[in-house]
Structure formats: structure tokens, C-alpha cells
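Colleague: The sequence shown begins at 1 in the working numbering and counts up one residue at a time. Even glycine gets a Cβ: it sits at the ideal position worked out from N, Cα and C. My questions all concern the structure below.
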Amino acid sequence: MDCPSCGAENPESFRQCPSCGAVLSQDLGGGGPAPARPEGPQVGLWIGLGVGLIVLGVLWSLLGPRSNQGPASSRAAAQVPGPAPRQTGRSAGAGDIPTSEKQAVAQALAVNVVDPAAVKRSVGGARQAASGMTEDAQRTLDQADELLNPKAAR
1 MDCPSCGAEN
11 PESFRQCPSC
21 GAVLSQDLGG
31 GGPAPARPEG
41 PQVGLWIGLG
51 VGLIVLGVLW
61 SLLGPRSNQG
71 PASSRAAAQV
81 PGPAPRQTGR
91 SAGAGDIPTS
101 EKQAVAQALA
111 VNVVDPAAVK
121 RSVGGARQAA
131 SGMTEDAQRT
141 LDQADELLNP
151 KAAR
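Spelled out as C-alpha cells, the structure:
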């Protein structure tokens, strides 16, 4: 390689001319094509997206909507359904007792009700609403009363 300043002959590996001290230009394009930038997504972009998603998840868990529901057993004891809807136009059999009434008795027995009077009031309200029920349904309600308060039923 010739020095551009003084014209002295220098080996290709030299970066500076030993005669005059000028910087020798290195031909970067002669060794083949320039290395191509790798195609595809950049690693930094993916790292940034991952960190951003983690931050969003933490913020959502701290500031997101809250659920006021406790454990299932405490919800069952706290929920006492109101009177069952009045059925008109047909007679109800023992299997047709409103689901909410069955659930109230089952929940009361399953969780060892703290306030059996509340469940009894619910059953009493259902009894008033279901005044057109058949004798089978009435017996079922009486049995529920006996289960909830055995001394008062006698």
C-alpha cells in the first residue's frame, strides 16, 4: 500500500506510514460484503416489552378491581335469600320447591348456621309466598323447620 502523503511503499498491515507518520487508509469494502445486520426482532426491544408487561401486571394487581368476596363458607352463611316468587296457575309438587329455598336450608345445615332464626325467617317468607303449594311441599317446609329448630316444632 502506498502512503497518500509521501508515496512510500508500506505493507497492508500498517496503519501509519513509518516514513512520514501519515495515517494510511484501510479499504474496508475490499474484504467482501459488509456484515449485514441480523434480521428479526432486536433483543433490546423484547427485553423492554417483557419488563413493560411485568410492570403492568404488578400495577394491575395493586390498583386493579377488588373482589369483596370472602371464602365460600362465609358467603354461604351471610347470604340468606328472600322469599321465593309466588307461583300461580299450577300446583307445586315437593320437587318444585324453589331452588333458593332448598339452597337456604342446605347452606344452613352445611355451615352450622350462626343465626338459625334468619334462615327460619327466610323459610317462613317462602311459606307465605307459596300459599298455593300442595301438601307435599308444605310437609317439606315443615321438615325444614324441624331440622332448624327441633324444640319449637314439638
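So which of Leu-141, Pro-4, Leu-45 has the shortest CA-CA distance to Ala-104?
Modeller: Residue 104 sits at position 104 when you count from the first residue of the sequence shown. Closest option to Ala-104, Cα to Cα, is Leu-141.
Colleague: According to DSSP, is Glu-12 part of a helix, a strand, or is it coil?
Modeller: As a working note, residue 12 is residue 12 in the sequence shown. In this structure, Glu-12 counts as coil in the three-state DSSP scheme.
Colleague: State buried or exposed for Arg-90, treating a residue as buried only when at least 16 other CB atoms are found within 10 Å of its CB.
Modeller: As a working note, residue 90 is residue 90 in the sequence shown. Confidence at Arg-90 is low in this model, with a pLDDT of 47, below 50, so the placement of that residue should be treated as unreliable; the coordinate-derived value is given next. Answer is exposed; the Cβ neighbour count stays below 16.
Colleague: How would you write the range of the alpha helix (DSSP H) that Ser-61 sits in, first residue to last?
Modeller: Counting from one through the sequence shown, the residue named residue 61 turns up at place 61. 43 to 63 is the extent of the alpha helix (DSSP H) around Ser-61.
Colleague: Tell me the rounded alpha-carbon separation between Ser-61 and Leu-49.
Modeller: The residue you call residue 61 lines up with position 61 of the sequence shown. The residue you call residue 49 lines up with position 49 of the sequence shown. The alpha-carbon atoms of Ser-61 and Leu-49 are separated by roughly 18 Å.
Colleague: Can you give me the start and stop residues for the alpha helix (DSSP H) that Arg-139 sits inside?
Modeller: Translated into positions along the sequence shown, residue 139 becomes position 139. First-last of the alpha helix (DSSP H) with Arg-139: 135 to 148.
Colleague: Return the CA-CA distance between Gly-64 and Leu-53, expressed in angstroms with no decimal places.
Modeller: Against the sequence shown, residue 64 aligns to sequence position 64. Against the sequence shown, residue 53 aligns to sequence position 53. Their Cα atoms are separated by approximately 15 Å.
Colleague: Apart from the five residues on each side of it in sequence, which residues of its chain come closer than 7 Å, Cβ to Cβ, to Glu-12?
Modeller: The count along the sequence shown starts at 1 and reaches residue 12 at position 12. Correct list, in chain order: Met-1.
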